[in-house]
Amino acid sequence: MGFFSRHSNVYLYVPNLIGYARVAAAIFAFGVAFTSPYQCVAAYFLSFVCDELDGRFARMLNQTSTLGAVLDMVTDRLATTGLLLVVALVYPQLHVVAICLIFLDVFSHWFQMYASLAVGATTHKDVKSKSWLVRTYYGNRLFMGYCCVSCEVLYLVVYASKWPELMRFVVPLPGGAGLTIPTQLANLLPALLRFTSESGLPLMSLFGILALPGFLTKQICNWVQLRTAADQLIAFDLRSKSQQKER
Numbered sequence: 029m030g031f032f033s034r035h036s037n038v039y040l041y042v043p044n045l046i047g048y049a050r051v052a053a054a055i056f057a058f059g060v061a062f063t064s065p066y067q068c069v070a071a072y073f074l075s076f077v078c079d080e081l082d083g084r085f086a087r088m089l090n091q092t093s094t095l096g097a098v099l100d101m102v103t104d105r106l107a108t109t110g111l112l113l114v115v116a117l118v119y120p121q122l123h124v125v126a127i128c129l130i131f132l133d134v135f136s137h138w139f140q141m142y143a144s145l146a147v148g149a150t151t152h153k154d155v156k157s158k159s160w161l162v163r164t165y166y167g168n169r170l171f172m173g174y175c176c177v178s179c180e181v182l183y184l185v186v187y188a189s190k191w192p193e194l195m196r197f198v199v200p201l202p203g204g205a206g207l208t209i210p211t212q213l214a215n216l217l218p219a220l221l222r223f224t225s226e227s228g229l230p231l232m233s234l235f236g237i238l239a240l241p242g243f244l245t246k247q248i249c250n251w252v253q254l255r256t257a258a259d260q261l262i263a264f265d266l267r268s269k270s271q272q273k274e275r
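Every position in the sequence shown, counted from 1, becomes a number in our numbering once 28 is added.
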């Protein structure tokens, strides 16, 4: 069998090699996060792009595997966790928010993974949830992609706002107006001033605004996914005990 078709060495499947590259790119991004912001953003973005490529190559080359599915899910969780930890270090006042987002992300996906395996699914994306939102999230790749990309983009924007060189690219607004923050809000959250400019709208701020709806939707999906997966685990436990009594 050829390298670009299904063969016996699962470790060397093309999508799994892409997965290893994702891990390497993410580690590099975090390694230079406090010294080279351009390299950090570029490397993390490359890692995120590889997240889309591994699934495509797995289906195209018929190289899907349980190893690849677990590698993909764990890398997703660890990469997002690493980025949120960087954000927490850059903005210590956001450390509780970052921790809560990490908890929700890991809890919801681990519960979903275990619930899926309990009912015989091969991946956490193969769901039969009672929630239409969770079914839509995993059933519509465009919707899921928008939500996932929005989260990563928003976290990158928050990280980038700490570095003036990443915020100097400005999109002119009609009439030459700039983006300002109300004084009371600025006094409450001084970091918001980094997202403003007197000459227009910083490009990173524009990305953040566009990503915000998807980010919020993703957090709602995570919460609903956690709740429905917990319900599935309880139902599975009850069915198992009922079957044991019948024997």
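Built from N, CA and C at the ideal position, the CB exists for glycine as well.
* Asked: Can you tell me whether DSSP reads valine 199 as helix, strand or coil?
  -> strand
* Asked: Mind checking whether isoleucine 130 and leucine 81 have CB atoms under 8 Å apart?
  -> no
* Where does threonine 103 land, buried or exposed, given buried means 16+ other C-beta within 10 angstroms? -> Of the other Cβ atoms in all chains shown, 16 or more fall within 10 Å of the Cβ of threonine 103; this residue is therefore buried.
* Beta-carbon of alanine 52 versus every beta-carbon of chain D: anything under 8 Å? -> No chain D is part of this structure, which consists of one protein chain only.
* Asked: Which value, in whole angstroms, describes the spacing of the CA atoms of arginine 87 and leucine 113?
  -> 33 Å
* **Range of the contiguous alpha helix (DSSP H) that encloses asparagine 44** => 42 to 59
* State yes or no: is the C-beta of valine 181 within less than 8 Å of the C-beta of alanine 239? => yes
* From what residue to what residue does the alpha helix (DSSP H) around glycine 83 run? -> Element bounds for glycine 83: 65 to 88.
* To do: Using beta-carbon positions only, say whether phenylalanine 264 and valine 147 come within less than 8 Å of one another.
  => yes
* Asked: Roughly how many angstroms lie between the CA atoms of serine 268 and leucine 122, to the nearest whole one?
  -> Between the C-alpha atoms of serine 268 and leucine 122 there is a straight-line separation of about 43 Å.
* Asked: Count the other CB atoms within 10 Å of the CB of phenylalanine 62; is the residue buried (16 or more) or exposed (fewer)?
  -> exposed
* Asked: In angstroms, rounded to a whole number, what distance separates the CA positions of aspartate 100 and glutamate 193?
  -> 32 Å
* Which term fits glycine 242, buried or exposed, when burial requires 16 or more other beta carbons within 10 angstroms of its beta carbon? -> buried
* Own chain, CB closer than 8 Å to aspartate 133, minus 5 neighbours either side, in chain order -> Arg105, Thr108, Thr109, Asn250
* Taking only the alpha-carbon atoms, compute the straight-line gap between alanine 57 and cysteine 175 and give it to the nearest angstrom. => 22 Å
* Between the CA atoms of serine 136 and arginine 255 - distance to the nearest angstrom -> 8 Å
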